[in-house]
Each structure stands twice: as structure tokens, then as C-alpha cells.
Amino acid sequence: MNSVSKRDYYEVLGVGRDAGEQEIKAAYRKLALLHHPDRNPEHADAEDKFKEASEAYSVLSDPQKRAAYDRYGHAGLQGAGASNVNPDIFADFSDILGDFFGVGDLFGGGGGRRRNGAQRGEDVRYDLEIAFEEAVFGLNAEIQVPRLERCSRCNGSGAQPGTIATACPTCRGRGEVLYQQGFLSIRRTCHACGGAGSVLRNPCTQCRGQGRVQAQRKLKINIPAGVDEGTRLRLANEGQPGANGGPPGDLYVLLKVRPHPFLERHETDLHCTVPINVAQAALGAEIEVPTLEQPQRLKIPEGVQTAAQFRLRHKGVPSLNGGPRGDLVVHIDVQTPTRLTREQRKLMEQLRESLPVDNAPAEKGLFEKVRDYFA
52 MNSVSKRDYY
62 EVLGVGRDAG
72 EQEIKAAYRK
82 LALLHHPDRN
92 PEHADAEDKF
102 KEASEAYSVL
112 SDPQKRAAYD
122 RYGHAGLQGA
132 GASNVNPDIF
142 ADFSDILGDF
152 FGVGDLFGGG
162 GGRRRNGAQR
172 GEDVRYDLEI
182 AFEEAVFGLN
192 AEIQVPRLER
202 CSRCNGSGAQ
212 PGTIATACPT
222 CRGRGEVLYQ
232 QGFLSIRRTC
242 HACGGAGSVL
252 RNPCTQCRGQ
262 GRVQAQRKLK
272 INIPAGVDEG
282 TRLRLANEGQ
292 PGANGGPPGD
302 LYVLLKVRPH
312 PFLERHETDL
322 HCTVPINVAQ
332 AALGAEIEVP
342 TLEQPQRLKI
352 PEGVQTAAQF
362 RLRHKGVPSL
372 NGGPRGDLVV
382 HIDVQTPTRL
392 TREQRKLMEQ
402 LRESLPVDNA
412 PAEKGLFEKV
422 RDYFA
């Protein structure tokens, strides 16, 4: 791009000649993100537009070059190195251009990170199903977790014992290669070694050069009292091993709780429904209520109605955060018999005759309330 065919730098960035530093910087950021070649592989002119915008910014962001350009135009930059972009002026762009390339990677600076550095291993999820009682009272369990382990034959190097990995001749051990695009230098992952920085001439026969093998690891886990469906327990450093000597990831155990045949859990309270007959409801009774521990005696008062509730204190679920244990809430279900013996029917008929006709509940039902409202 010679001085005769070059466009006006202010026109390239789309700013006026009185534009300030921040306006110029913002205009360049927008164009750099829009026209970067990595984002526009199908547009052949994207690279030219990106270079043009970068060159315009390199001039207008430099007070001395901008003064010379304002006075003499492109001719005033001859010999001033206008086309040689100084990487220092892009140091504050890592928050913008870093979305799709590093500043050091883009301009060949020293800020690019090596691909073959230590990397943390991946986290692992393990689903564990436990009984309802185990969730309430806790337990110590042993689990077998499938994961990758360091190869014992090559000690994780991937190379056959007695041999070593050699530096990749393509990237010279860096894991990256540098491509020149005009005045730009762009780093990319080395295709020859996949970013490892080294190649194996004699890969380990046990792990096939991977440095890790699939294994089953036995672990003991303490499940505290009071856990619930979906509780996630973290075991630090029990995930996949890290690459290139990096730290391992974590293991997350996700709990699934099997339902109980007659108890339901609402936070730290347990709920159950106990049926009684009409005689027990009318006369009162003392019944036995099943719990997760020993059965408890519960006194039912006279005249109890269906849906009445009674609490047995501290017979629920322990709190994970150290709070008090929940209660067991007993729901009463008064059941009307559907089949009567001859003697039972006679007794019920005598009871019916002895009860007053107006033996209606004191509180009106929903139908009566609605009828009275519209009346």
C-alpha cells in the first residue's frame, strides 16, 4: 500500500480531525474486532482492512506522528516508520482484542503463553444413590470412580522407558508457530505436535503415548447427616490428573435419595399420614406412630377431624448447618368403613338414632359460604 493509494487515516477510522485519544482508540477497537482475519476467513479483503486500520491507529495514536501527518499528510511520515507498528501501543487492548486472540500472540510479543505449560485436570462428576434413612442419619461409603491415572510404565511422560520425548522440530518446543502477515505476527498452535511442544519417537506401549490410562479408583466418602436429593459433595484433587505436571481436578459426588414408603421430607421436617376409624376419631385414642427410629405413642383427642396435624418434636431430619433437628408431622385421616358386619351395622344404626339431627359442624362449608355471598 503506497503513499499515493493510501486513504486518509481519519477516514479509515471514521473519526474527525479533532477526535480525541479515546475516540480514536474506540474507533480502532471496533474495526479491529470487525475485520480481524481469524474472524473473517471467507473474506479475502478482511486482512487488508485490518492492516489499514492498524496502520491508521499507529499514526493517530502517536502525538508526534499525528502532528507530522496533520501538517504534511502521508508524505510527512516518510522515514518515520509509519508502517512499523510499535507493539507497546497495543498493551492496553488485552481486554478488547483478547476475546479472540492475545495481544502478544497478535504482534509477536512475549506475552503469549506456551501451549505445553502445566494445565489443571478436569473435574469429575459421580452420581451416588443412597437410601432415605442414609440421607437422614449419614453414612460412610466406598465408591469406585472411573478416571484417568498417571501411566505407571512411563510415569506419565508418554515415552517408552529408556527413551525421552524430543523437541518438536516445527515449533522448536514452543507448541506454537509464528505466521507473518505483512507487518503482523500471529501465533497459532503447532499442527505437528498439537501444542505439546514435543514429539514421541518411541511412545509408551501401555498408554500409547498419552501418559495416562483408564482406571477404577476406590475412594471412601463421608456423607453427613441431613443431606438431601441433589446435594453435591466435593472431594478436592480427586478428579482427572493435570497435563504436563498440572494439578488434578476435583471430584463432585451428586446424591440421589430413594423415596421412603410412607414418609415424605419437607426441608428438615418429616410428614406421614396415619389412618384411624370413626370410633377412634369420636372417642379419642392412643395410637402408635412409626418413625425412622423407635415407634412413638401419640394421644388422639376426642372429636378429631380428618387433616388434623400433630407434631412429634425432634423426630425429623438433622440440619446440615448445625441447627435443631426437624419434627415429624402426623396427618390424621379418618376413614369411614365401607363394609360392616350385622352387629356393626346395628350399633351404627343405634348411634345414628341417638345423634341429634342438627349435628352439623359449626363452621359453614365452602358451598354454603358461596351461596350466602351471592344471596
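So the mapping is simple: the numbering used here equals the position in the sequence shown, first residue as 1, plus 51.
Yeah, the Cβ is synthetic: ideal placement off N, Cα and C, and Gly gets one too.
{"query": "Option in E344, A118, V368 and P275 with minimal Cα separation from E318", "result": "V368"}
{"query": "Same chain, Cβ closer than 7 Å to R364, five either side skipped, listed in chain order", "result": "D378"}
{"query": "C-beta contact flag for A333 and E353 at 9 Å", "result": "yes"}
{"query": "6 Å CB neighbourhood of R58 in its chain, flanking five on each side removed", "result": "none"}
{"query": "At least three beta-carbon pairs within less than 8 Å, the segment 210-222 to the segment 175-186", "result": "no"}
{"query": "Backbone CA spacing between H87 and R239 [nearest angstrom]", "result": "15 Å"}
{"query": "Same chain, Cβ closer than 7 Å to F101, neighbours up to 5 away in sequence not counted", "result": "A83, H86, H87 and P88"}
{"query": "CA nearest to the CA of V110, picked from E98, K76, R90 and D96", "result": "K76"}
{"query": "Simplified DSSP assignment, three categories, for H322", "result": "strand"}
{"query": "Sequence-distant residues of its chain with Cβ nearer than 7 Å to D150 (five each side left out)", "result": "Its pLDDT being 44, under 50, D150 is placed unreliably in this model, and the coordinates cannot settle the point."}
{"query": "Test item: CB-CB of C258 and R309 under 9 Å", "result": "no"}
{"query": "Inter-stretch contact at 8 Å, needing at least 3 Cβ pairs: the segment 256-270 / the segment 194-210", "result": "yes"}
{"query": "Beta bridge counterpart(s) of Q347 as assigned by DSSP", "result": "V340"}
{"query": "Y120 burial status per 10 Å Cβ neighbour count (16 or more: buried)", "result": "buried"}
{"query": "Contact belief for L306 with G281 at Cβ below 8 Å, rounded distance in angstroms", "result": "7 Å"}
{"query": "Assumed close pair P312, R201 - CB separation to whole angstroms, cut-off 8 Å", "result": "Wrong, their Cβ atoms sit about 46 Å apart, outside the cutoff."}
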